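From first to last, the protein sequence lines stand for chains A and B.
Letter by letter, the first sequence follows residues 1 to 293 in this note's numbering.
Letter by letter, the second sequence follows residues 294 to 581 in this note's numbering.
All residues carry an ideal CB built from backbone N, CA and C; glycine is no exception.
Just so it is clear, the structure is predicted and the values come from calculations on it, not from any experiment.
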Amino acid sequence: MEKRVTFKGWLLPLCLIAPQVLVSAVFFFYPAGQAIWQSLFIPDPFGLSMQFVGLGNFEYLLSDPYYRTSFLTTAIFSTLVTLASMIPALFLAVVADRLIKGAGVYRTMLIWPYAVAPAVAGVLWLFMFNTRVGVVSWYLGNLGYDWNHVLNGGEAMGLVVVASAWGRISYNFLFFFAALQAIPKSVIEAAAIDGARFWKRFWTIVLPLLSPTTFFLLVVNIVYAFFETFGVIHTITSGGPQQSTTILVYKVFSDGFVGQDLGSSAAQSVILLLVVGALTIFQFKFVERRVHY
Amino acid sequence: MTHPKDPPPGMVEKRGASLWISHIIMIAGVLVVFFPIWLAFVASTVTQAEIVQPPMPLWPGDQFINNYREALFSGFNVPVATMLLNSLIMAMGIAVGKIIISLLSAFAIVYFKFPGKMIFFWLIFLTLMLPVEVRIVPTYEVIANFGMLNSYGGLILPLIASATATFLFRQFYMTVPDELAEAARVDGASPMRFFWDILFPMSRTNIAALFVILFIYGWNQYLWPLLITTDPSMNTIVMGIKQMFPSGDDLANWPVILATSIMAMVPPIIVVISMQKLFVRGLVDSEK
Numbered sequence: 001m002e003k004r005v006t007f008k009g010w011l012l013p014l015c016l017i018a019p020q021v022l023v024s025a026v027f028f029f030y031p032a033g034q035a036i037w038q039s040l041f042i043p044d045p046f047g048l049s050m051q052f053v054g055l056g057n058f059e060y061l062l063s064d065p066y067y068r069t070s071f072l073t074t075a076i077f078s079t080l081v082t083l084a085s086m087i088p089a090l091f092l093a094v095v096a097d098r099l100i101k102g103a104g105v106y107r108t109m110l111i112w113p114y115a116v117a118p119a120v121a122g123v124l125w126l127f128m129f130n131t132r133v134g135v136v137s138w139y140l141g142n143l144g145y146d147w148n149h150v151l152n153g154g155e156a157m158g159l160v161v162v163a164s165a166w167g168r169i170s171y172n173f174l175f176f177f178a179a180l181q182a183i184p185k186s187v188i189e190a191a192a193i194d195g196a197r198f199w200k201r202f203w204t205i206v207l208p209l210l211s212p213t214t215f216f217l218l219v220v221n222i223v224y225a226f227f228e229t230f231g232v233i234h235t236i237t238s239g240g241p242q243q244s245t246t247i248l249v250y251k252v253f254s255d256g257f258v259g260q261d262l263g264s265s266a267a268q269s270v271i272l273l274l275v276v277g278a279l280t281i282f283q284f285k286f287v288e289r290r291v292h293y
Numbered sequence: 294m295t296h297p298k299d300p301p302p303g304m305v306e307k308r309g310a311s312l313w314i315s316h317i318i319m320i321a322g323v324l325v326v327f328f329p330i331w332l333a334f335v336a337s338t339v340t341q342a343e344i345v346q347p348p349m350p351l352w353p354g355d356q357f358i359n360n361y362r363e364a365l366f367s368g369f370n371v372p373v374a375t376m377l378l379n380s381l382i383m384a385m386g387i388a389v390g391k392i393i394i395s396l397l398s399a400f401a402i403v404y405f406k407f408p409g410k411m412i413f414f415w416l417i418f419l420t421l422m423l424p425v426e427v428r429i430v431p432t433y434e435v436i437a438n439f440g441m442l443n444s445y446g447g448l449i450l451p452l453i454a455s456a457t458a459t460f461l462f463r464q465f466y467m468t469v470p471d472e473l474a475e476a477a478r479v480d481g482a483s484p485m486r487f488f489w490d491i492l493f494p495m496s497r498t499n500i501a502a503l504f505v506i507l508f509i510y511g512w513n514q515y516l517w518p519l520l521i522t523t524d525p526s527m528n529t530i531v532m533g534i535k536q537m538f539p540s541g542d543d544l545a546n547w548p549v550i551l552a553t554s555i556m557a558m559v560p561p562i563i564v565v566i567s568m569q570k571l572f573v574r575g576l577v578d579s580e581k
């Protein structure tokens with residue numbers, strides 16, 4: 001926690017820590033406290049006063065079919081994004097790891113999408129699948145498939161999943177590739193000498209050795225899918241059609257800012273807060289300890 | 294790569310046909326991953342007429358200068374040049390601001406004993422858990438009450454209120470040998486002197502790595518600028534693109550929108566590619 005050798009005095013350290021504490025207090029603890037406080041009230045229709053309802057907002061939310069659907073949507077969405085970004089990344093990393101020359105060049109080429117903002121990624125994918133001008137939807141049409149994510153909820157979900165997973169492939173690739181490179185070649189050679197073929201080696205040696213990285217990436221990608229994909233959803237579908245892509249974060253935004261339902265929005269924030277808290281604790285308890293190569 | 298002690302190649306590394314298959318898979322992977330960016334670039338160099346007649350060409354046209362000029366200097370609500378400047382200020386403000394307050398507070402936590410230290414430590418620790426997306430409504434109210442809507446302060450401050458960087462620097466300071474602080478103390482150097490002359494220079498690589506990550510994080514923000522910049526002249530480029538789409542059924546001006554998208558990607562891509570080593574290191578450091 002601290003050094004054996006420390007400096008004396010208490011005024012200086014308090015001054016040093018003050019900016020961080022001040023910014024956190026004003027822009028973090030106060031708003032988070034407000035969210036918890038507001039979640040216990042409902043404003044009257046004219047917004048003049050607040051009525052205390054205890055856990056009423058939460059009870060209402062949990063019995064609200066739209067909210068439950070949104071929970072389910074978020075679960076499906078984040079599972080798909082996690083799988084769609086991790087599996088291709090692992091595959092590419094395994095292939096790149098087998099190359100002696102050129103792996104670095106491929107890595108450089110694959111990093112690009114990470115730098116693209118989710119909202120911009122949304123625009124790029126929207127353009128490719130646009131029902132009027134999209135190249136991919138045009139070719140699909142030629143093949144006899146009538147793509148329309150504006151009307152079809154399943155297609156809308158597919159599109160936001162792919163657009164969200166795209167940039168994450170770079171990220172996951174970097175971690176998988178680094179982990180693969182860290183596996184001592186002698187371990188693999190030993191198995192090869194014992195006659196284990198590639199797939200056998202992969203399942204029994206490589207994958208178990210990758211498990212800390214895989215586990216870590218699972219948590220990080222779920223957190224990403226929950227919170228950072230707002231830009232993708234907002235640019236491509238705005239939560240539609242018929243709320244089929246309204247994930248929880250999008251609902252906080254649309255109920256709070258578009259619908260002006262502050263009590264419900266605050267209660268949703270608190271629920272999300274619990275979700276992040278649980279994921280963070282999970283990560284610290286189970287992942288941190290196991291990430292040792 | 295071949296080391297004298299390595300066994301002869303060929304046991305695990307592939308040669309011949311298998312090697313070529315690996316390269317082909319990697320090239321295919323790169324092409325697929327790259328395709329959306331390429332297509333957007335091509336579309337930003339052709340005319341609207343070429344796009345609305347699908348399929349659009351897959352090779353750049355001759356409208357590059359026209360489209361980018363229109364986007365940069367006219368835009369829709371506001372010239373893209375203005376949005377680029379706003380994004381730059383926001384990203385730099387977040388990166389530099391967060392690094393400064395984190396360097397100082399980590400220094401205080403690691404190198405001093407003072408009353409209430411543990412409370413502060415845990416308070417800071419708690420901020421790790423909440424992305425801005427979760428507390429948007431009340432944070433918006435705070436900014437509105439301070440009259441900070443449509444201001445750089447409003448764009449930047451709420452996003453530096455988290456402690457990831459503090460933890461990173463704390464971890465790093467813990468690895469700095471105690472003898473250095475001891476020597477500084479024996480020589481009668483003040484704590485700030487020690488910080489500036491020894492700790493800060495030693496942290497340079499960590500600072501640079503973190504800067505890369507934070508710059509991209511700040512540049513790519515979407516929801517927060519969307520909420521608090523109601524004045525188009527304060528829009529950032531990443532949120533401004535969505536404002537370029539017409540409401541209703543009108544056809545979007547794709548060449549200009551995609552030219553703007555390309556310009557929104559270029560700065561973070563340059564940062565990532567040119568500082569690749571630092572970037573990878575920053576990622577690993579800041580996430581673990």
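- Chain A places a beta carbon closer than 7 Å to that of residue 451(B), counting this residue as a contact.
- At a cut-off of 7 Å between C-beta atoms, residue 391(B) does not count as an interface residue with respect to chain A.
- Here the alpha carbon of residue 568(B) sits roughly 48 Å from the alpha carbon of residue 40(A).
- The way I'd put it, the segment 200–213 of chain A doesn't touch the segment 222–232 of chain A; fewer than three beta-carbon pairs between them come closer than 8 Å.
- For residue 405(B), the secondary structure class from DSSP, reduced to helix, strand or coil, is strand.
- When the beta-carbon positions are compared, residue 164(A) and residue 220(A) stay at least 7 Å from each other.
- Minimum Cα-Cα distance from residue 21(A) among the listed residues 327(B), 322(B), 355(B), 391(B) corresponds to 391(B).
- Close partners of residue 3(A) in chain B (Cβ separation under 7 Å): 403, 404, 471, 474.
- Around the CB of residue 408(B), fewer than 16 other CB atoms lie within 10 Å, so the residue is classed as exposed.
- Residue 43(A) is bridged by DSSP to 50(A).
- Judged by their CB atoms, residue 318(B) and residue 95(A) are nearer to each other than the 7 Å cut-off.
- Residue burial annotation: residue 518(B) is buried, with at least 16 other C-beta atoms found within 10 angstroms of its C-beta.
- With three or more CB-CB distances shorter than 8 Å, the segment 524–541 of chain B counts as touching the segment 102–121 of chain A.
- Within chain A, the C-beta atoms nearer than 8 Å to that of residue 478(B) come from 5, 7, in chain order.
- In this structure, residue 115(A) lies near residue 509(B), with their beta-carbon atoms less than 7 Å apart.
- By the C-beta density criterion, residue 527(B) is buried, having at least 16 other C-beta atoms within 10 angstroms.
- With contacts defined by Cβ atoms closer than 7 Å, residue 551(B) and residue 367(B) do not form a contacting pair.
- With contact defined as three or more Cβ pairs closer than 8 Å, the segment 146–166 of chain A and the segment 61–80 of chain A are in contact.
- By the Cβ criterion, the segment 1–17 of chain A is in contact with the segment 393–412 of chain B, since at least three pairs of Cβ atoms, one from each stretch, lie closer than 8 Å.
- 557(B) is the residue among 564(B), 561(B), 557(B), 492(B) whose C-alpha sits nearest the C-alpha of residue 375(B).
- When DSSP states are grouped into helix, strand and coil, residue 7(A) belongs to the strand group.
- When rounded, the separation of the alpha-carbon atoms in residue 65(A) and residue 436(B) is 33 Å.
- Nearest C-alpha to residue 253(A) among 137(A), 283(A), 266(A): 266(A).
- Interface residue (Cβ-Cβ distance to chain B less than 7 Å): residue 147(A) is not classified as such.
- When 492(B), 406(B), 440(B), 546(B) are compared, the shortest CA-CA separation from residue 468(B) is found for 492(B).
- Taken in chain order, no unbroken stretch of beta strand (DSSP E) lies wholly in the segment 74–124 of chain A with a span of 3 residues or more.
- Among the CB atoms of chain A, one or more fall inside 7 Å of the CB of residue 413(B).
- For the options 564(B), 547(B), 535(B), 512(B), the alpha carbon positioned closest to that of residue 382(B) is the one of 512(B).
- With three or more CB-CB distances shorter than 8 Å, the segment 141–157 of chain A counts as touching the segment 232–242 of chain A.
- Rounded to the nearest whole angstrom, the C-alpha separation of residue 102(A) and residue 216(A) is 27 Å.
- Think of a sphere of 9 Å around the beta carbon of residue 129(A): no beta carbon from chain B falls inside it, the nearest being about 10 Å out.
- Of 42(A), 24(A), 61(A), the smallest CA-CA separation from residue 52(A) is found for 42(A).
- Residue 184(A) sits in coil when the DSSP states are folded into three classes, being neither helix nor strand.
- Uninterrupted alpha helix (DSSP H) stretches at least 4 residues long and entirely within the segment 388–472 of chain B occur at 410–419, 429–438, 445–453, 457–467, given in chain order.
- The residue among 276(A), 134(A), 113(A) with its C-alpha nearest the C-alpha of residue 563(B) is 113(A).
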